[in-house]
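J.:
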Amino acid sequence: MKPKVAFFDFAGCEGCQLQIVNLEETILDLVSQVEVVNFREAISERGEDYSIAFVEGSITRQADEERLRGIREKASILVALGACACTGGINALKNFQDMEEVRRIIYGKRSFYFDTYPTRPLQAVVPVDYYIRGCPINKNEFLKVTKAILLEKRPEIPNYPVCVECKLKENTCVFGKGMVCLGPVTRAGCEAVCPCYSSGCEGCRGLVDDPNTNAQKEILQKYGLTLEEAVGKFRIFDGYLEVAKCPI
Amino acid sequence: MPDLSMNIEHVTRIEGHGNIVVDVKNGEIKKCQWQVVEAPRFFEAMVRGRKWDELAHVTSRICGICSVGHTMASLKATEQAMGVTPSEQTVTLRKLLKHAENFQSHVLHVGYLVLPDLLGVGSVFPLATTHRQAVLTVIRLHHLANDICDLIDGRTTHPISCVVNGFTRLPDLKALEKIKERLTRAIPDLKAVMEVVKSIADRLPAFERQTEYIGLKSEGEYAIYDGKIASTDTYPVEEYRSIVNEYVVPQSTAKYTRHSRDSYMVGALARFNLNYEQLTPLAEKVAEELGLRAACYNPYMNSIAQLVEVLYSVEECIRLIEEILDKGLKREDCRIEVKEGRGVGAVEVPKGILFHEYTYNKDGTSVWRPTV
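Below you can see the structure in the form of structure tokens.
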């Protein structure tokens, strides 16, 4: 029997689920190996019986915690899909602000209609089995991880920095172009796509397990850049970790 | 009219979480609501204090489907605030990206999301068996549209290389030449898709109601990247707040809008109704074949207008690539002088008109400017 797979999303842009559609011709091979029973963005059926759940987005209100716990109870494997689900992602930019004020800026006097609390990644609410990182996810990595799960193997997720992949691509270091880059401490797996397009890494995949913060500091110093500039950039996708006192 | 109680919680095959609630008793509509119930994300607050050169990368994350459009509206708003006019080369590359996004998104909607409805199945997956050729053609088109974005800005979702006043990396001309060949081959593919849609287009509900349509209008072309706000009249983009008139309702985390009527419609059908005279000949022909005539008041015909726009976008992509190949691409200095100011940027994304407005301090950090 084919494994039953479901897709769900919380606060996010749904761009990670779009990367699965962007597998183009390969998606036909993939769906021939599984039974997709719940995928609101693409199918009308809504099966509640599934073993693998892919969950995009972060948790920003009480009601969503309950929905996520329900998904966790049904799924034997829960995969966090993308930066919002893995680290809180861009949504955690509001964690540095007063929640009342944040609500008032958007909804004015009617802000009491809609509840929100500081953004959390999925693992702050339920246990997560695997992480497919990035904003958006890399579709090749999605395929690699999914294949491993279907073969009941543990997927290999890089635990080395983006600099490694960047060097393999033979890119000119973007620090030389005066840009701040978080490649020295950010987990690889994106094929160094931002430096390949002459842009500094923004850390959307989170940190490697044991980040070499000295190397990051040294290179910033070498190019006359400040730690504040790097931390400011890190906050775009990893603000949740910053508040959680993760070292950089 | 029979009594009716309908509560569709989370409408499927759309982006985002939306409910439709209808309650009819004794021939009277007691309730008829579109509820957007997804978690709000508060971008207007989140961009406060961020730097001018970060905003496009932050705000592209508003939407995974139209992140190219959000990037463009964002860059245009920042450029207006800083008094910067991007080069002709930059604008040409941006238009190419906008058309590629329109092409990709419309093919996705018509091919993956609407076709299953017309063929009476729950998703595109069963069609891979019953209508394999059509599905493979749709995928081939979708793939091509994504490849254009990948080549120019690194990826379709959350562009990398388009920045304020230019591009950090320019596309390879040989690769553009290859894309142009594939675009030319895409026209017969699109005609095949059109024939499939035509054969079942009579299944689209014949539902019509007078509607106000709003979109961009430009003198020079069918507006996608630039123009003035148009309804029955045109308005400068800077006055967008008087057109959009956002208001908050308890059932929807997304704000509602209204202009001359209770609501207005944006997107492909709005653009078609406002700008059909500026379509390219092939797109016009497809509109005629599929029975789409302005002014059309049937919202279901939006999918047909999308197909018409795909033809237009493909023809525009070919024209823009020819222009680039003819003139060549040169590396440009995108540095700007940072200053304080306010700017509004408007573009047409696949699903409709989009505005970004920013106010910057002297050091180029964004500040919140209250609506009232």
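Residue numbers (our numbering), protein chains in the order written: chain A, 25 to 272; chain B, -1 to 370. Think of the CB as a built atom: it goes at the ideal place given N, C-alpha and C, for glycine as much as any other residue.
How do the region 161 to 170 of chain B and the region 72 to 88 of chain B stand: do at least 3 beta-carbon pairs fall below 8 angstroms, yes or no?
T.: The region 161 to 170 of chain B, when compared against the region 72 to 88 of chain B, does touch it at the 8 angstroms Cβ threshold.
J.: Counting only Cβ pairs nearer than 8 angstroms, list the residues of chain B close to residue 217 of chain A.
T.: Neighbours of residue 217 of chain A on chain B, chain order: 152, 153 and 158.
J.: In this structure, does DSSP put residue 62 of chain A in helix, strand or coil?
T.: Residue 62 of chain A: strand per DSSP, three-state reduction.
J.: Is the number of C-beta pairs between the region 318 to 325 of chain B and the region 302 to 310 of chain B that are closer than 8 angstroms three or more?
T.: No, because fewer than three Cβ pairs between the region 318 to 325 of chain B and the region 302 to 310 of chain B fall closer than 8 angstroms, the two stretches do not touch.
J.: Taking only runs of the beta strand (DSSP E) that begin and end inside the region 280 to 316 of chain B, which ones reach a length of at least 3 residues, in chain order?
T.: Taking only runs of at least 3 residues, no beta strand (DSSP E) segment lies wholly in the region 280 to 316 of chain B.
J.: So, with DSSP's three-state summary, where would you put residue 375 of chain B?
T.: In the structure as shown, chain B starts at -1 and stops at 370, and residue 375 of chain B therefore has no counterpart that could be examined.
J.: Alpha carbon to alpha carbon, how far is residue 71 of chain B from residue 232 of chain B?
T.: Going by the C-alpha atoms only, they are around 19 angstroms apart.
J.: Select from the region 39 to 60 of chain B all residues with a C-beta closer than 9 angstroms to any C-beta belonging to chain A, and list them in chain order.
T.: Against chain A - using a Cβ distance shorter than 9 angstroms - the residues of the region 39 to 60 of chain B are 39, 40, 41, 42, 43, 44, 45, 46, 47, 48, 49, 52, 55, 56, 58, 59 and 60.
J.: Please say whether residue 40 of chain A and residue 114 of chain A have beta carbons closer to each other than 9 angstroms?
T.: No, they are not a contact pair.
J.: For the region 203 to 210 of chain B against the region 244 to 252 of chain B, do three or more pairs of beta-carbon atoms, one drawn from each stretch, fall closer than 8 angstroms, so that the two count as touching?
T.: No, the region 203 to 210 of chain B is not in contact with the region 244 to 252 of chain B.
J.: Between residue 49 of chain A and chain B, is the shortest Cβ-Cβ distance under 9 angstroms, so that the two count as touching?
T.: By this cut-off, residue 49 of chain A is an interface position.
J.: Which residue or residues does DSSP assign as beta-bridge partners of residue 31 of chain A?
T.: According to DSSP, residue 31 of chain A bridges with A/63 and A/78.
J.: So, for residue 126 of chain A: in the same chain, excluding its five sequence neighbours on each side, which residues have a beta-carbon less than 8 angstroms away from its beta-carbon?
T.: Closer than 8 angstroms at the Cβ level, and outside the excluded window around residue 126 of chain A, lie 118 and 140.
J.: With H, G and I counted as helix, E and B as strand and the rest as coil, what does DSSP make of residue 166 of chain B?
T.: In the structure shown, residue 166 of chain B sits in coil (DSSP, three-state: anything other than H, G, I, E or B).
J.: I'd like the span of the beta strand (DSSP E) that includes residue 16 of chain B, first residue to last.
T.: Element bounds for residue 16 of chain B: 16 to 23.
J.: Please list, in chain order, the chain A residues whose beta carbon lies closer than 7 angstroms to that of residue 137 of chain B.
T.: Result: 48 and 49.
J.: I need the boundaries of the beta strand (DSSP E) containing residue 357 of chain B, first residue and last residue.
T.: It spans 350 to 358 - the beta strand (DSSP E) in which residue 357 of chain B sits, taken as one unbroken run.
J.: Buried or exposed: where does residue 370 of chain B fall if 16 or more other Cβ atoms within 10 Å of its Cβ makes it buried?
T.: Interpretation of residue 370 of chain B is limited by its pLDDT of 44, a score under 50 that renders its predicted location unreliable; the figure taken from the coordinates is listed afterwards. By the 10 Å Cβ count, residue 370 of chain B comes out exposed.
J.: Would you identify the three-state DSSP class for residue 30 of chain B, choosing helix, strand or coil?
T.: In the structure shown, residue 30 of chain B sits in a strand (DSSP, three-state: E or B).
J.: Under 8 angstroms Cβ-Cβ, which residues of chain B neighbour residue 55 of chain A?
T.: Under the 8 angstroms cutoff, chain B gives 123 and 126.
J.: Taking 9 angstroms as the cut-off, decide whether the C-beta atoms of residue 84 of chain A and residue 317 of chain B are in contact.
T.: Their beta carbons are not under 9 angstroms apart, which means residue 84 of chain A does not touch residue 317 of chain B by this criterion.
J.: In the structure shown, what three-state DSSP assignment does residue 177 of chain A receive?
T.: DSSP places residue 177 of chain A in coil when its eight states are reduced to three.
J.: Alpha carbons only, please: which of A/105, A/47, A/249 and A/26 is nearest the one belonging to residue 228 of chain A?
T.: Cα-wise, what sits closest to residue 228 of chain A is A/105.
J.: Between residue 212 of chain B and residue 263 of chain B, what straight-line distance do the alpha-carbon atoms span, to the nearest angstrom?
T.: Answer to the nearest angstrom: the Cα atoms are 6 angstroms apart.
J.: Per DSSP, which residues does residue 127 of chain B bridge with? Please list them.
T.: DSSP, once it has assigned bridges, lists no residue as partnering residue 127 of chain B.
J.: For the beta strand (DSSP E) that contains residue 340 of chain B, what are its first and last residues?
T.: Residues 339 to 347.
J.: May I ask you to list the residues that DSSP assigns as paired with residue 4 of chain B?
T.: Paired residue(s): B/20.
J.: Between residue 285 of chain A and chain B, is there a C-beta pair that is closer than 9 angstroms?
T.: For residue 285 of chain A there is no data in the structure shown, the boundaries of chain A being 25 and 272.
J.: How big is the Cα-Cα spacing for residue 171 of chain B and residue 92 of chain B?
T.: Each residue's Cα considered, the two are about 16 angstroms apart.
J.: Would residue 67 of chain A and residue 10 of chain B be called neighbours here (beta carbons separated by less than 9 angstroms)?
T.: Going by C-beta atoms, residue 67 of chain A is nearer than 9 angstroms to residue 10 of chain B.
J.: Counting only Cβ pairs nearer than 8 angstroms, list the residues of chain A close to residue 110 of chain B.
T.: Within 8 angstroms Cβ-Cβ: 45 and 66.
J.: With a 10 Å radius around its C-beta and 16 neighbouring C-beta atoms as the bar for buried, classify residue 154 of chain A as buried or exposed.
T.: Buried, since its Cβ has 16 or more Cβ neighbours within 10 Å.
J.: Return no unless some Cβ of chain C is closer than 9 angstroms to the Cβ of residue 120 of chain B.
T.: Checking the listed chains, one finds no chain C in this structure; the protein chains it contains are A and B.
J.: On the DSSP letters alone, give me the boundaries of the alpha helix (DSSP H) that residue 244 of chain A sits inside.
T.: That run of the alpha helix (DSSP H) goes 237 to 246.
J.: Residues of chain B with CB closer than 8 angstroms to the CB of residue 138 of chain A, please, in chain order.
T.: 38 and 251, listed in chain order.
J.: Is DSSP giving residue 215 of chain B helix, strand or coil here?
T.: Residue state, collapsed to three classes: strand.
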